[in-house]
Each structure stands twice: as structure tokens, then as C-alpha cells.
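S.K.:
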Amino acid sequence: MKRFPVSLSAKLQSRTAVNALRQLPEQKKGVDFSSNDYLGFARSELLFQKAAAMLSQQHNTHNGATGSRLLSGNHTFYAETEDR
């Protein structure tokens, strides 16, 4: 196994010394204001089940973000939902 480069070890030590080492924090409970899911819809099992059932009825297999509908096309189900 290759050794970790000395230059990178020195950089890590210097960042640690000045409290500038970036680390991934543990996920915390509470309101998520750092994403687009501040209402918690992505974590709702009931909403997931209902959405999956509706998509299945429409023969739509896309579950989640697919990209720009301007580029990849629109589905009639989305248009009908937005018109409600």
C-alpha cells in the first residue's frame, strides 16, 4: 500500500492546528434549512407511498428529480397536478 504523501500530511496538520479542517458533521434532527426539504417531505413515508401509488397509476416510473422538463420533456401528470 502506498504511503500518504508527506505534503498532504503537513497540510492536514496545519489545518488542524488552526481549527480549519473541514469535517462532515453528523446529521441532526430538526428543521433542515440547508436544503430544499425544509418542510420534511423527503422524509415522509406516507407522502412517499401516496406519490408512488399515484405515479404507478399514471404509468410514470420517474420518482424524483429528472432534470429540466424543458429539455427532457413534460409528462401530462405533472401538468395536470400543477393545474390543480
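Take the sequence shown: its letters are residues 337 to 420, numbered as in the numbering used here. Each residue gets a CB set at the ideal place from its N, CA and C atoms; glycine is no exception.
1) With distances taken between CB atoms, is the gap from N396 to F413 smaller than 8 Å?
2) From the DSSP output, in three-state form, read off R379 for me.
3) Please find out if some non-hydrogen atom of the ligand GDP comes closer than 7 Å to the beta-carbon of R405.
4) List in chain order: all unbroken alpha helix (DSSP H) runs of 4+ residues lying wholly within the segment 341 to 396.
5) Less than 6 Å between C-beta atoms, sequence neighbours within five positions excluded: which residues of the same chain meet that for L357?
6) What first and last residue would you give for the alpha helix (DSSP H) that runs through P408?
M.R.: Let's see:
1) Here residue 396 refers to the residue found at position 60 when the sequence shown is read from its first residue. Here residue 413 refers to the residue found at position 77 when the sequence shown is read from its first residue. If you check the CB distance, N396 and F413 come in under 8 Å.
2) Taking the first residue of the sequence shown as 1, we reach residue 379 at position 43. In this structure, R379 counts as helix in the three-state DSSP scheme.
3) Ligands displayed in this structure: none; no statement on the ligand GDP is therefore possible.
4) Taken in chain order, the complete alpha helix (DSSP H) segments of 4 residues or longer contained in the segment 341 to 396 are 342 to 353, 381 to 393.
5) Here residue 357 is taken as the residue at index 21 of the sequence shown, counted from 1. Here the set comprises R351.
6) Counting from one through the sequence shown, the residue named residue 408 turns up at place 72. Before going further, note that residue 408 is Ser rather than Pro in the sequence given. From DSSP, the alpha helix (DSSP H) with S408 extends over 405 to 408.
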